[in-house]
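Each step along the sequence shown adds one to the number in the numbering used here, with nothing skipped, and position 38 is 82. Note that beta-carbon positions come from the ideal geometry of N, C-alpha and C, so glycine has one too. Read through the structure below, which is laid out as structure tokens, and then see the notes.
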Amino acid sequence: MLVLMMMGTTVKAQDAIQLPQPEVQKLNMSLGDALKQRRSYRDMTEQEVDLQTVSTILWAACGISDPASGKITAPSAVNMQDIKVFVCSQYGVCRYMPKDNTLVPVTTTDIRPSLAAGQDFAKKAPVALILVSTKDNERMDNNRYGGVDAGYVSQNIYLACTALGLHTVARAMMDKDAIKRELNLADTSIILLNHPIGFGK
């Protein structure tokens, strides 16, 4: 039986990982300061980012902001919520499930080399998030809206990392064909961006 190590948590590969509740209070930097300080950084150490911090970043990215309505933190055309976030590390890849606040293991393969596409800093970043637009129903047109919705989620990731004192950068460079195979994504899925995340050097 495969066992997945994910940021200090050991689970069976088919089990969902229950994330800690996001520490929203740690995102209390003012919007003005976050916008002023937001930068794209590529200088990251290999120090692991703990699961609690990952949970907070994921909630900021596209987590549930209103449980009653199921609305998320990022705008989404006709509330399609088409952007799915995959969390990559040396231990493998998990898919973030906002409604349950869980990570579902996808593979125990370290796909960061495919993500990096030759850029060493991206291959060594302890965590990377992949933003994928998926077509889950017939009313969706992810070719039209996917890039826009990914931009909203990407900016949320930037602002959360800024508030938490972490470095990140939005990247479109990656081996998308390899990643699609490694994550077993449907042909209708569109891989849009990735965000390496880590502590600054």
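Boundaries of the alpha helix (DSSP H) in which residue i is found, first to last residue
i           : result
residue 225 : 220-226
residue 155 : Unbroken run through residue 155: none, as it is neither H nor E.
residue 166 : 164-168
Nonlocal neighbours in the same chain, by C-beta distance under 7 Å from residue i, ignoring five residues either side
i           : result
residue 89  : 242, 243 and 245
residue 220 : 235
For residue i, three-class secondary structure by DSSP
i           : result
residue 85  : coil
residue 62  : strand
residue 122 : helix
residue 148 : strand
residue 193 : helix
residue 161 : coil
residue 98  : helix
residue 230 : coil
residue 48  : Any reading at residue 48 must be qualified, since the residue scores a pLDDT of 45, below 50, and its modelled position is unreliable; no value is offered.
Contacts around residue i, its chain only, beta-carbon distance under 6 Å, and the 5 residues preceding and following it disregarded
i          : result
residue 78 : 203, 206 and 207
residue 67 : 100
Unbroken beta strand (DSSP E) run spanning residue i, endpoints
i           : result
residue 131 : 127-133
residue 240 : 234-242
residue 173 : 171-177
residue 215 : Looking at the DSSP string, residue 215 is not in any beta strand (DSSP E), and its letter there is neither H nor E.
residue 137 : 136-141
Opposing strand residues paired with residue i [DSSP bridges]
i           : result
residue 115 : 110
Chain-order list of residues whose beta-carbon lies under 8 Å from that of residue i (same chain, five-residue window excluded)
i          : result
residue 28 : Because the chain here runs from 45 to 245, residue 28 falls outside it and cannot be looked at.
residue 64 : 95, 96 and 99
Anticipated Cβ contact below 8 Å, residue i with residue j, distance rounded
i           : j           : result
residue 173 : residue 213 : Actually they are not in contact, since the Cβ atoms of residue 173 and residue 213 sit about 11 Å apart, beyond 8 Å.
residue 170 : residue 92  : 5 Å
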